[in-house]
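Protein chains in written order, with this note's numbering: chain A, 1 to 459; chain B, 1 to 351.
All C-beta atoms in this analysis are idealised placements derived from N, C-alpha and C, irrespective of residue type, glycine included.
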Amino acid sequence: MSRLGGEYTLKGILRELVGYKSAVVGLIILAALLFISIYTVIAIPYSEAKELWKGSEPWLKNPKNAAPIWVNLFSRKKLPSTIILSNGEVYTIKERGRERVAVTYTFNYKYDDFPTEMILFVTSNRSSRVYLKLYWTKPDGDEIYLGKYRVKPSTTTPIYITNNIMLEDELNRRIIKKLGKKPEFAITVIRGLFLAYTGKLEPMKGKYTFTIVPQAKDLSGLDMELVIHGKVHGLTGTDHLRRPLSIALMWGTPIALVFGVTASTLIAFTQLAIATISGWFGGKTDFVIQRITEVYMILPFLPILLMISLFYRINIWSLLPIIVALSIFGTAVKTNRALVMEIKTYPYIEAARAYGASNLRIIFLYILPKIIPPIVPSIILSVPDYVFLEAILAFFGIGDPTLPTWGKLLHDALENGALYKGYYYWVIEPSLMLVLASVAFALIGLALDKIVNPRLREL
Amino acid sequence: MLRTLKFLLKRALSLFLTLVIAVYITILIANAGGYVDEIMKSEIRMNIAIAVANNPAYSGLPASQLEKIIETQTQSAFKRLGLDKPFFIRSFYYLRDALTLDLGRAYYMTSDSGSRRVKLIILERLPQTILLFTTATVLIFFINMMGGLYLSRRYGSKPDKLLLTLAPLSSIPGWFYLILLILIFYTWLHVLPPGGLVDYPPPPDKLGYFLSVLKHMILPLSAWIISYTPIGIYSMRNFFLIFSTEDYVEVAKAKGLPSRQIEYKYILRPALPPIITSFALSVIASWTGAIITETVYGWPGLGYTIAVAIGLFDAPVIVGVTVMYAYLLVVTVFILDLVYGLIDPRIRVGG
């Protein structure tokens with residue numbers, strides 16, 4: 001069978017491509033991905049993205065493993081967003097005969113589920129440490145003493161109220177007393193603070209008050225912010241280190257596109273070059289190249305790639321040449337070689353030889369232009385392979401750990417039990433990006449295949 | 001006859017040479033060009049140093065003497081393991097052992113029965129891999145062939161158009177569908193297990209065990225079928241379509257032969273050799289398992305073993321699996337050459 005069609009112009013191909021609905025869908029997805037890539041590279045520079053992805057420090061105010069906010073649209077049970085309170089009401093109270101300044105924060109809690117954590121951030125400009133007494137008032141007027149906490153001088157101290165084990169014991173005693181029995185569920189600090197006294201595991205809705213009483217004369221040099229972490233956050237949700245997934249989803253786009261397109265193009269063209277040399281020169285050269293392709297058939301591609309990258313601890317960009325080197329003698333060399341052999345017998349090549357054209361001239365002017373069109377679809381169709389290869393490498397922890405990619409997101413999700421704990425969004429979001437990217441290339445590639453390999457159409 | 005024999009002999013020789021080179025390259029890479037030896041050497045030295053330091057018989061000896069004892073013990077350990085020779089020479093010993101299928105002992109990994117022998121580790125994992133991936137390969141092959149044949153007859157029909165729409169599904173690998181299927185059938189619906197070979201604890205009776213394994217195979221099998229059949233059916237369809245436009249098919253049609261006869265005699269039969277070749281090669285390839293699918297699903301097969309071996313730089317295990325695959329592949333290719341060489345004169349001349 002011949003895969004060689006007629007002559008093509010870029011314009012003509014594009015015009016024909018637009019005639020396929022599937023290709024148009026593919027082109028639209030690809031355009032959207034390109035737009036995201038360009039926007040990302042401009043909005044969050046590479047170094048900044050890596051800095052943001054390093055750890056949880058910049059993200060302390062985000063909840064851990066929070067679903068995206070739009071999940072609330074699909075469920076009747078409304079999950080809480082994060083509540084951040086920074087401007088409290090200041091007034092003076094009497095405490096054991098002494099005048100104290102107190103700050104209260106009031107908020108209305110209307111969600112159907114419990115928050116996840118409660119952290120009070122205190123930024124102190126004072127030269128000495130200060131103690132804070134914290135109080136909690138539930139909508140039914142029940143007042144709970146949360147304990148006394150120390151604030152270090154001239155720094156920001158996060159007070160993890162929900163990590164206080166003494167408070168947990170105290171809340172357990174209190175709730176058992178209120179309910180008259182031990183509830184069927186475990187009471188953590190956050191549950192104890194928000195539990196409705198109905199015997200069921202549900203939060204009490206209404207107005208809550210949080211009161212801070214600094215053990216000092218005044219509030220000068222103290223800046224306080226109460227963060228009650230919810231269960232939903234942002235458009236994309238957060239991971240186990242509180243990082244918003246959007247950063248990795250966005251930065252994964254240019255990385256996947258560049259990695260996939262570069263790898264598949266480089267490999268296709270080196271394979272083409274080798275096939276052309278093999279087919280054109282024939283003889284010993286051909287024999288050696290054909291034997292090498294057979295050696296490559298036996299070599300285990302993925303294990304070798306993984307070993308090399310684990311051993312040298314290189315990032316995915318330095319891995320590109322290795323991937324190319326490991327693939328250049330792939331099966332495409334055999335099929336391309338067959339094409340070259342076929343063209344070699346065409347009369348116009350004979351004519352070129354007769355007028356004394358050099359090998360290079362014949363290869364570049366007469367053979368390559370004839371072979372490239374039929375292999376372009378296969379280049380596009382193989383882009384998804386390399387997009388997923390990046391994900392596979394991420395699975396094995398290869399590459400720069402601070403570089404946010406789709407593969408790493410998926411790996412983090414699986415590693416941290418997203419499948420078992422039901423963090424759907426964590427798996428679905430990177431998966432969706434991977435699927436969109438690969439389907440876009442597949443749609444374009446398949447349509448292009450029909451255009452440049454008309455044999456498939458005419459049948 | 002003599003010509004055929006000469007061709008086969010030449011082919012066998014070139015295939016064997018190919019095998020030798022491929023195995024040698026794998027040995028070099030799996031040992032990180034000799035670096036794995038260095039790691040082992042320093043480990044041995046450290047273990048001996050600790051043993052000597054903790055040995056009450058040596059307590060009170062001066063440091064220089066202790067040093068000497070450690071040095072002699074280390075050197076004899078190196079000699080015993082062959083580590084005293086440079087890696088370049090040792091790599092050829094490895095090659096000899098690999099080619100004679102003396103797979104040796106793993107550096108770190110053990111089989112479930114506690115053995116370090118690579119052969120045992122492989123044999124212990126191979127059945128699970130064959131069970132899952134050879135089943136998958138055979139299933140996918142028949143689905144592709146039947147589907148391709150069916151659609152090539154109904155070119156342009158509704159199911160044919162449907163397939164063309166579904167073809168992009170194949171741009172996504174099987175392991176990825178597996179994750180999505182686990183998300184649906186385990187995380188969401190709680191009807192199928194998220195991974196592993198059998199339930200824990202394993203059912204005591206044979207039937208229960210069998211059913212449990214079967215249940216665990218559903219998701220990975222489905223994932224692979226979703227991923228590998230659309231494009232497979234599509235290319236089989238094209239393949240059969242091309243054969244069905246050959247002149248002799250037109251002649252057969254003109255003669256008024258029944259379509260079933262045309263299909264089997266004039267389309268399927270000449271198309272068979274490349275189909276058998278690709279089937280045989282993919283069955284052999286299925287024996288090395290699938291690294292990612294097995295890792296994602298926690299399937300205790302060869303692919304998972306390779307993944308662990310890569311992480312540990314356990315060169316003998318990696319080389320062992322490669323050698324097994326290389327031999328199976330080369331022997332299969334040779335047998336195919338032999339069969340085709342005997343039945344199809346075109347191939348013999350072209351060889």
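So L171(A) packs on G141(A), CB below 8 Å; how close in whole Å? Not a contact, Cβ separation roughly 17 Å.
Nearest-angstrom Cα distance between V288(A) and I392(A)? If you take the alpha carbons of V288(A) and I392(A), they lie about 32 Å apart.
What does a CB cutoff of less than 7 Å around V321(B) pick up in its chain, not counting 5 residues either side in sequence? The answer, listed in chain order, is I122, T288, L302, I306.
Cβ-based neighbour list, L266(A), same chain, cut-off 6 Å, excluding 5 preceding and 5 following: When the five nearest sequence neighbours on each side are left out, the beta carbons in the same chain lying within less than 6 Å of the beta carbon of L266(A) are those of V324, in order along the chain.
7 Å is my cut-off, CB to CB: does A66(A) come that close to chain B? At least 7 Å separates the CB of A66(A) from every CB of chain B.
Name, in chain order, the residues that DSSP records as bridge partners for A67(A). Answer is V232(A), bridged to A67(A).
Straight-line CA distance for F239(B) to L151(B)? Each residue's Cα considered, the two are about 11 Å apart.
Flag this pair as yes or no: are the beta carbons of P194(B) and L419(A) separated by less than 7 Å? In this structure, P194(B) sits near L419(A), with a CB-CB distance shorter than 7 Å.
Which same chain residues end up closer than 8 Å to I276(B) when comparing Cβ atoms and leaving out the 5 residues on each side of it in sequence? Around I276(B): L336.
Nearest-angstrom Cα separation, counted from S86(A) out to E225(A): Spanning the alpha carbons of E225(A) and S86(A) requires a straight line of approximately 4 Å.
Classify Y234(B): buried if its beta carbon has 16 or more other beta carbons within 10 angstroms, exposed otherwise. The residue is buried, with at least 16 neighbouring Cβ atoms inside 10 Å.
Got a sec, what are the start and stop residues for the alpha helix (DSSP H) M204(A) sits in? Note, M204(A): premise wrong, no alpha helix (DSSP H); not H, not E.
So, for Y228(B): in the same chain, excluding its five sequence neighbours on each side, which residues have a beta-carbon less than 6 Å away from its beta-carbon? Same-chain partners within the cutoff: I140.
Proximity of M118(A) and I161(A) at Cβ, strictly below 7 Å: Contact: yes.
Determine, using beta carbons only, whether F74(A) comes closer than 7 Å to chain B. Interface flag for F74(A) against chain B is unset, since no Cβ pair is found closer than 7 Å.
On the CB-based measure, 16 or more other CB atoms within 10 Å of its CB, does W188(B) come out buried or exposed? An exposed status is given to W188(B), since fewer than 16 other beta-carbon atoms sit within 10 Å of its beta-carbon.
What is the DSSP secondary structure of V324(A), reduced to helix, strand or coil? In this structure, V324(A) counts as helix in the three-state DSSP scheme.
Should P86(B) go down as buried or exposed, given a rule of 16 or more other Cβ atoms within 10 Å for buried? Result: exposed.
Buried/exposed call for F88(B), threshold 16 Cβ in 10 Å: Classification of F88(B): exposed, given that the 10 Å Cβ count is below 16.
Taking Cβ-Cβ distances below 9 Å as the criterion, which residues of the segment 320-343 of chain B are in contact with chain A? Of all residues in the segment 320-343 of chain B, V321, T322, Y325, A326, L329, V330, V333 have a Cβ within less than 9 Å of some Cβ in chain A.
Span of the beta strand (DSSP E) around I83(A): It spans 83-85 - the beta strand (DSSP E) in which I83(A) sits, taken as one unbroken run.
Examine chain B for any beta-carbon lying closer than 7 Å to the beta-carbon of A437(A), and answer yes or no. Chain B, which has no Cβ nearer than 7 Å to the Cβ of A437(A), makes this no.
G407(A) touches chain B at which residues, Cβ-Cβ below 8 Å? Here the premise fails: no neighbours, minimum Cβ distance about 10 Å.
Would you tell me roughly how many angstroms separate the C-alpha atoms of N125(A) and Y423(A), rounded to the nearest one? Spanning the alpha carbons of N125(A) and Y423(A) requires a straight line of approximately 40 Å.
Could you give the distance in angstroms between the alpha-carbon of L436(A) and the alpha-carbon of I29(A)? Straight-line Cα distance between these residues: approximately 7 Å.
My understanding is that L302(A) touches I284(B), with C-beta atoms under 8 Å, so please give their C-beta distance in whole angstroms. For a cut-off of 8 Å, the C-beta gap from L302(A) to I284(B) is around 16 Å, too long to register as a contact.
Buried or exposed: where does G26(A) fall if 16 or more other Cβ atoms within 10 Å of its Cβ makes it buried? Answer is buried; the Cβ neighbour count reaches 16.
Residues of chain B with CB closer than 9 Å to the CB of Y420(A), please, in chain order. Those within 9 Å of Y420(A) in chain B are Y186, T187, P194.
T26(B) lies in the alpha helix (DSSP H); which residues open and close that run? Its alpha helix (DSSP H) spans residues 2-30.
N55(B) to T72(B), Cα distance in whole Å? For N55(B) and T72(B), the distance between alpha carbons rounds to 16 Å.
Interface flag, I379(A) vs chain B, CB-CB below 7 Å: Not one chain B Cβ lies under 7 Å of I379(A).
Would the segment 236-248 of chain A count as touching the segment 41-52 of chain A if we require 3 or more Cβ pairs under 8 Å? Yes, they touch.
Please classify M236(B): is it buried, with 16 or more other beta-carbons within 10 angstroms of its beta-carbon, or exposed? It is buried - the Cβ of M236(B) has at least 16 other Cβ atoms within 10 Å.
Is T18(B) close to chain A, meaning its C-beta is less than 7 Å from at least one C-beta of that chain? T18(B) belongs to the set of residues whose beta carbon lies under 7 Å from a beta carbon in chain A.
If I measure Cβ to Cβ from G445(A) and keep anything under 6 Å in the same chain, skipping five residues before and after, which residues do I get? The answer, listed in chain order, is P377, I380, L381.
Reduced DSSP secondary structure (H/G/I, E/B, other) of S318(A): DSSP, reduced to helix, strand and coil, places S318(A) within a helical segment of the structure shown.
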